[in-house]
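Here's the structure, in structure tokens; my notes come after.
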Amino acid sequence: MMHVIRAILYILLVSLQLSFSWALESDDPKFACSGTLLGLTAYRINYTERLNSGDILTFRRRFYDPVVVELLVTACLGIIISVAFLASILGRAGKDALTYALEHICLITLWILFLVGSGVFTSRWTNLGWCRGSYKICRILEAIKAFSWICWALVTLLILSSLYNMIQRRSGWWSAADGRKEREPSGSGSYPETRATTTTTASHTEPLTA
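For the sequence shown, the positions run -23 to -1, 1 to 187 when mature numbering (1 follows the signal peptide of the UniProt record, and there is no 0) is used.
Structure, rendered in structure tokens:
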């Protein structure tokens, strides 16, 4: 059951990072948050690099935020890691390579990257309430901030669920990360144990009497 929960969390993590919403082109505030982290960060980078007029927040032209690039790279890494371990959980692919140890190393790396990126981004764009209703770029920044923390929370849940799954199955760090019991090889245990028995015939000889 726990491996199913892990699969759902990985699917959510991929969805939040990969799916690019057409709602980014909408001026409605409720649609501004429909884009996901990968699309939002890519949109932000494209916006700042092609900005000819001054930005409403920084008054700068044609620039990019390093923290946004960091979140974009982290989102790409998260997609690759999520797809790999999702294939391991659902299809038992790469059993020899995709172990619990590798999964935790990847997830902890993502956890640190999301924490640093989300923390720096939040501290830089703390209060955007004054422009959120009037400027689309402010809503984009708010959405990036929200989705980056959501991705960090999902990675945290994945670390805990993977650790619990490993303990529950009494598996080691180098066991396959699919979280299921090993399948018995075909033919083993199918037939009852047979033992070769030998029968001895006792010949009773009676003495001949005259």
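Just so you know, even glycine gets a beta-carbon here, dropped at the ideal spot from N, CA and C.
In angstroms, rounded to a whole number, what distance separates the CA positions of serine 125 and glycine 149?
31 Å
Are leucine 48 and glycine 94 close, meaning C-beta to C-beta below 7 Å?
yes
Do threonine 99 and lysine 122 have their C-beta atoms closer together than 7 Å?
yes
Buried or exposed: where does leucine 137 fall if 16 or more other Cβ atoms within 10 Å of its Cβ makes it buried?
exposed
Contacting residues, own chain, Cβ-Cβ under 8 Å from leucine -15 (five flanking each side not counted)
Leu131, Leu134, Leu135 and Ser138
Restricting to Cα atoms, I'd like to know which of Leu28, Ser59, Tyr112 and Tyr41 is closest to histidine 81.
Ser59
Taking a contact to mean a Cβ-Cβ separation below 7 Å, would you say methionine -22 touches asparagine 142 in this structure?
yes
With DSSP collapsed to three states, give me the class of alanine -17.
helix
For alanine 154, does the three-state DSSP call read helix, strand or coil?
coil
Quick one: is serine 65 buried, meaning 16 or more other Cβ sit within 10 Å of its Cβ, or exposed?
buried
Under 7 Å between C-beta atoms of valine -10 and isoleucine 56
yes
Tell me, which residues are paired with threonine 76 by DSSP?
Ala153
What distance in whole Å lies between the Cβ atoms of leucine 63 and isoleucine -13, which are believed to be in contact at a cut-off of 8 Å?
7 Å
Extent of the continuous alpha helix (DSSP H) to which threonine 51 belongs
43 to 68
Which residues mark the beginning and the end of the alpha helix (DSSP H) in which serine 139 is found?
113 to 145
Measuring straight from C-alpha to C-alpha, what distance separates serine 11 and isoleucine 127?
The pLDDT assigned to serine 11 is 31, lower than 50, so where the model puts this residue is not dependable; a value taken from the coordinates is nonetheless given after this. Approximately 13 Å, taken between the alpha carbons.
Measuring straight from C-alpha to C-alpha, what distance separates leucine -8 and alanine 19?
14 Å
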